[in-house]
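In my numbering, the protein residues as written are 242 to 590.
The structure is reproduced here in structure tokens:
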């Protein structure tokens, strides 16, 4: 009530009646930016509502600012419908950044009227299988998204099944990164079923998944099976291939000279020895020594709420901002060591 009076709007009786229930349906209520601000203030500490529908409320980017601020703190809302709210490019950018911090939201509906959302980075967000299925359901109906980064999310083969079904009908996505998602040869087979009906994907990144040469052959065979398949770049850069794969790649390259496949090398071939990369923990220790910090202080600098628990996404951003030179493989190894139970948070108690 107080939040509504502060911004000069009349509180919706529907909201007051349902604010202690799990589902809140406010679609077509004409909230506008001011109403969205009042709603965000009311939901800041609400722990009851898990499903929130705000379809068709002309919230716009001006109102979304307040909802995004609320969603960074609210850990109860799991499903959010923001479709037909004229959010634009600015709104899409705000949502992308918010999703990196929010650990509870597993379903976000922006269809069908969010014309601005063309690029979405959800890497390192620990979405997992349930979130992958919800996200894939949205991907099935999204007609504008062009670039989607879902790397480092632990989708597994069940998530790959949902992605494959989404790719079968999606006609807008050009670039998909699903690196490091625990997708095996079986998951590759499920994704390929979707690729066989997809005519838009140009870049597919699948590196750092437990895929063998058999999975690589399945992928390449699927890509080359149809002449209307548009894939130009395939990244399986951790996979050692064999003569069968190279023969298939040679045939594919002859008919499709623009096809570029990244792989680790050929089995049985001893590559030039790479210079040893430093242990990620050693990199952190060197950073602490240089800045005269204790390890506890290092983690406290990232711990915004003093909970002694840090979201993996926040940890990765801090590492990058601090200038610690770790590649994706080193960062993955470090996160696995610090987040052994795979909760998406680093507990430093």
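We put the beta carbon where it would ideally sit given N, CA and C, even for glycine. All figures in this text were calculated on a predicted structure; none of them were measured in a lab.
Just mark residue i as buried or exposed, buried being the case when its beta carbon has 16 or more other beta carbons within 10 Å.
i           : result
residue 257 : exposed
residue 511 : In this predicted model, residue 511 has a pLDDT of only 47, less than 50, meaning its place in the structure is not dependable; the value taken from the coordinates is given anyway. The residue in question, residue 511, is exposed, as its Cβ has fewer than 16 Cβ neighbours within 10 Å.
residue 413 : exposed
residue 519 : exposed
residue 496 : exposed
residue 577 : exposed
residue 406 : buried
residue 560 : buried
residue 261 : exposed
residue 449 : buried
residue 469 : exposed
residue 355 : Here the model assigns residue 355 a pLDDT of 43, short of 50, so the residue's position is not dependable and the matter cannot be decided.
residue 316 : exposed
residue 363 : buried
residue 446 : buried
residue 573 : buried
residue 536 : exposed
residue 394 : buried
residue 562 : exposed
residue 322 : buried
residue 353 : Any reading at residue 353 must be qualified, since the residue scores a pLDDT of 48, below 50, and its modelled position is unreliable; the value itself is stated next. Per the 10 Å Cβ criterion, exposed.
Could you tell me which residues DSSP puts in a beta bridge with residue i?
i           : result
residue 322 : 294, 350
residue 506 : 481
residue 586 : 552
residue 418 : 390, 446
residue 362 : 390
residue 437 : DSSP output for residue 437 lists no bridge partner at all.
residue 265 : 293
residue 474 : 444, 501
CB residue i to CB residue j, shorter than 8 Å?
i           : j           : result
residue 440 : residue 409 : no
residue 307 : residue 277 : yes
residue 487 : residue 507 : yes
residue 459 : residue 480 : no
residue 301 : residue 328 : yes
residue 436 : residue 462 : no
residue 391 : residue 424 : no
residue 298 : residue 270 : yes
residue 387 : residue 359 : yes
residue 456 : residue 422 : no
residue 380 : residue 347 : no
residue 590 : residue 565 : no
residue 305 : residue 273 : no
residue 311 : residue 284 : yes
residue 345 : residue 318 : yes
residue 551 : residue 540 : yes
residue 567 : residue 575 : yes
residue 543 : residue 531 : no
Would you mind giving the Cβ-Cβ distance between residue i and residue j, rounded to the nearest angstrom? I have them listed as a contact below 8 Å.
i           : j           : result
residue 587 : residue 553 : 6 Å
residue 324 : residue 350 : 5 Å
residue 465 : residue 493 : 4 Å
Three-pair Cβ contact test at 8 Å for the segment 397-404 versus the segment 430-446
Because the criterion of three Cβ pairs below 8 Å is met, the segment 397-404 and the segment 430-446 touch.
Check whether the segment 262-270 and the segment 280-300 touch, using three or more Cβ-Cβ pairs below 8 Å as the test.
Two segments are said to touch when three or more pairs of C-beta atoms, one from each, lie closer than 8 Å; by this definition the segment 262-270 touches the segment 280-300.
Is it a yes or a no for the segment 498-509 touching the segment 464-479, going by three-plus beta-carbon pairs under 8 Å?
Contact between the segment 498-509 and the segment 464-479 is present, because at least three Cβ pairs lie under 8 Å.
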